[in-house]
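Q: Numbering (this note's numbering), first residue to last: 95 to 608. Note that CB positions come from ideal geometry on N, CA and C, so glycine has one too. From a predicted model like this one, the values you see are computed outputs, not experimental measurements.
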Ligand code: FAD
Ligand code: DLZ
Ligand code: SF4
């Protein structure tokens, strides 16, 4: 058989709705998928993330074969592998002599550059097809963004609701009369708030082989490999989605920001890894949430809050990434240069909130949004950690992490390193916020109500030091007048003590004793 088109599918493009598969000619085209070290090690990925993707890739390849496609699947230990995506495309082109090569645009800038360089090296044309799994194209986002002074997610989200007719009435008005029900969400945790039972999927031979492979080849890798509960096929991911909609969505909004010891999942959906890898489609997820509201099984604040995360935040974040890359990755507006402390990897710190978040991260390749933003992210912001080092950490440790989504969330939302392009106000908070939204502080070596001395919660003095350090930048911020009024009210002596205490926390952090 002569190959007409060599069609390449990356590990996070496991979707049969993409043109790369939908337009494939089963008689003459070959689909290429490859497990390669270059992708498995460009950051030190969590071992669960690698196992999830390899197992999902192998299952997807099997499903394609069963559906009649010819698949060239290169496993990690296959002899002759070049261990890179471009190397495997070149090798396949040499062996199969296709008339052309087609790829779907990748989720990371670095691979887009690789494909552009490859197109010059290949003896045949390389087509880069749009990634149609997203609800907003690059051109649509650019049209929306063009000429706006501020790129506010909320306005983008309203456009997306209108465009896709989600939670929209016949007269064009938002369902329930408001676009956003956030005021009804984000309650602190009530006593005994726990995570409803979660699904766990039986491991077949494919997954067991992958777990053995990852154990063998990534023995020193970050994270706990087993138990391994991830869905690895679209059918399983759909079960996870249905379970969430039926049992968890109704209380999603209420406890979106709550944090509870020993409860990594609470009322979150755990769907990001599946949506980002192509196993679920964002629109089907939103439509199921809307249907739950219309059928009366979920309240509007929960359905709207959940839909906003996907139709709003997720699409907006991707728009920001592609509009501002590659310059975006180098931004460091707050001039932060402190190296990432070792405890982000080891979990060894006396700060109970950080320890808890890092334990969830290590065990599950997951922590929920508020832990990412207000615990590990907030600490990095206050301590002035280098945005690039923080970004590489987030890209490595979460099963849902690809640069298009991780970078704007880390560098923009959490670290304000993009100078407020994404968030009007830095997400900086003292120990008081963590005390209010979690039960972490009760088991901590530090006291959230104390700012100075032995038992002082590091988030307190670091918060005020952050406020003082960036006074020129933020004192005119319309959303921060009370902060600077409080700082001024403290008087010089207390201000100096707080700044000294912050330096002591940073010194302890560098010594590994914080
Ligand atoms: P839920 O709380 O159930 O939310 C529902 C869905 O909404 C998610 O599955 C996700 O698809 C979407 N969503 C929610 N918030 C965001 C957001 N801010 N940006 C994009 N999508 C969102 N998300 C990733 O998918 N990959 C990342 O690498 C990633 N890195 C992050 C880094 C930082 C510093 C922060 C603050 C956030 C990051 N997020 C990332 C966003 C968010 O934290 C995760 O999407 C969410 O925690 C995933 O868990 P879940 O599926 O249970 O989400
Ligand atoms: C994350 C990842 C990993 C760990 N391994 C592979 C792989 O071996 N082969 C592959 O095609 N993709 C992998 N991926 C996903 C890619 O890194 C992802 O496609 C890019 O980061 C673009 O989003
Ligand atoms: Fe975190 Fe401070 Fe509370 Fe300890 S006291 S858990 S460091 S907020």
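Can the beta-carbon of residue 106 be found closer than 8 Å to that of residue 298?
A: Cβ distance not < 8 Å, so residue 106 and residue 298 don't count as in contact.
Q: Thinking C-beta only, is residue 563 closer than 8 Å to residue 518?
A: No, the pair does not count as a contact, with Cβ atoms beyond the cut-off.
Q: Mapping the DSSP letters down to three states, classify residue 222 as helix, strand or coil.
A: Three-state DSSP puts residue 222 in a strand.
Q: Quick one: residues in its chain with C-beta nearer than 6 Å to the C-beta of residue 342, no 5 flanking neighbours on either side, listed in chain order?
A: Cβ within range, chain order: 290, 361.
Q: With a cut-off of 8 Å, do at least 3 Cβ pairs link the stretch 300–312 to the stretch 140–154?
A: Yes: the two stretches touch, three or more of their Cβ pairs being nearer than 8 Å.
Q: Taking just the CA atoms, how far does residue 206 sit from residue 219?
A: Answer to the nearest angstrom: the Cα atoms are 15 Å apart.
Q: What would DSSP say about residue 36, mapped onto helix, strand or coil?
A: The shown model of the chain, from 95 to 608, leaves out residue 36, and the question about it has no answer.
Q: Just to confirm the assignment, what range does the alpha helix (DSSP H) spanning residue 66 have?
A: Residue 66 is absent from the model: the chain starts at 95 and stops at 608.
Q: Name the two residues that bound the continuous alpha helix (DSSP H) containing residue 233.
A: Its alpha helix (DSSP H) spans residues 232–239.
Q: Taking only the alpha-carbon atoms, compute the straight-line gap between residue 471 and residue 445 and give it to the nearest angstrom.
A: For residue 471 and residue 445, the distance between alpha carbons rounds to 14 Å.
Q: For the pair the stretch 389–405 and the stretch 415–425, tell me if three or more CB-CB distances fall below 8 Å.
A: The stretch 389–405 vs the stretch 415–425: no contact.
Q: Does the stretch 320–328 come within contact of the stretch 365–385, defined as at least 3 CB pairs closer than 8 Å?
A: The stretch 320–328 is in contact with the stretch 365–385.
Q: If you count every other CB in all the chains shown that lies within 10 Å of the CB of residue 428, and 16 or more means buried, which is it?
A: Buried: at least 16 other Cβ atoms inside 10 Å.
Q: Using 10 angstroms around the beta-carbon of residue 554, count the other beta-carbons present and answer buried if the total reaches 16, otherwise exposed.
A: It is buried - the Cβ of residue 554 has at least 16 other Cβ atoms within 10 Å.
Q: Where DSSP assigns a beta bridge to residue 353, which residues make up the other side?
A: Note: residue 353 sits in a beta bridge opposite 532.
Q: Under 8 Å, with one C-beta from each stretch per pair, do the stretch 343–362 and the stretch 260–279 reach the 3-pair mark?
A: With the cut-off at 8 Å, the stretch 343–362 and the stretch 260–279 touch.
Q: Within its chain, find whatever has a CB closer than 7 Å to the CB of residue 549; leave out the 5 residues flanking it on each side and keep chain order.
A: Contacts found: 540, 541.
Q: Any chance the CB of residue 105 is under 7 Å from a heavy atom of the ligand DLZ?
A: Yes - the ligand DLZ has a heavy atom lying nearer than 7 Å to the Cβ of residue 105.
Q: Buried or exposed: which applies to residue 123, given that a residue is buried once 16 or more other Cβ atoms fall within 10 Å of its Cβ?
A: It is buried - the Cβ of residue 123 has at least 16 other Cβ atoms within 10 Å.
Q: I'd like the list of long-range same chain contacts for residue 411, defined as Cβ closer than 7 Å, with 5 residues on each side in sequence excluded.
A: Correct list, in chain order: 499, 502, 503.
Q: For the stretch 521–535 against the stretch 425–443, are there 3 or more C-beta pairs whose distance is under 8 Å?
A: No, they do not touch.
Q: Report the partner residues of residue 327 according to the DSSP bridge assignment.
A: DSSP, once it has assigned bridges, lists no residue as partnering residue 327.
Q: Where do the ends of the alpha helix (DSSP H) carrying residue 152 lie?
A: Where residue 152 is concerned, the enclosing alpha helix (DSSP H) stretches over 141–160.
Q: Excluding sequence positions up to five away, which residues of its chain have a Cβ less than 6 Å from the Cβ of residue 356?
A: Counting only Cβ-Cβ distances below 6 Å, and skipping sequence neighbours, we find nothing.
Q: Start and end of the alpha helix (DSSP H) containing residue 567?
A: Segment 565–568, the alpha helix (DSSP H) holding residue 567.
Q: In angstroms, rounded to a whole number, what distance separates the CA positions of residue 495 and residue 282?
A: Between residue 495 and residue 282, the C-alpha separation is close to 27 Å.
Q: DSSP puts residue 165 in a beta bridge; with which residues?
A: According to DSSP, which records beta bridges pairwise, residue 165 is partnered with 125.
Q: For residue 194, name the three-state secondary structure that DSSP assigns.
A: Here residue 194 sits in strand by DSSP.
Q: Between residue 118 and chain B, is the shortest Cβ-Cβ distance under 8 Å, so that the two count as touching?
A: Here there is only one protein chain, and chain B is not present.
Q: Does the beta-carbon distance from residue 178 to residue 168 come in below 8 Å?
A: No, the Cβ-Cβ distance between residue 178 and residue 168 is not below 8 Å.
Q: Could you pull the DSSP bridge partners for residue 513 from this structure?
A: According to DSSP, which records beta bridges pairwise, residue 513 is partnered with nothing at all.
Q: Determine the DSSP secondary structure at residue 555, reduced to helix, strand or coil.
A: Of the three classes helix, strand and coil, the one that applies to residue 555 here is helix, per DSSP.
Q: From 153, 525, 265, pick the residue whose C-alpha is nearest to that of residue 448; which is it?
A: It is 525 whose Cα lies nearest to the Cα of residue 448.
Q: Any contact between the stretch 107–122 and the stretch 209–227? By contact I mean 3 or more CB pairs, one from each, below 8 Å.
A: Verdict: yes, contact present.
Q: Do you know how far the Cα of residue 190 is from the Cα of residue 461?
A: C-alpha separation (whole angstroms): 43 Å.
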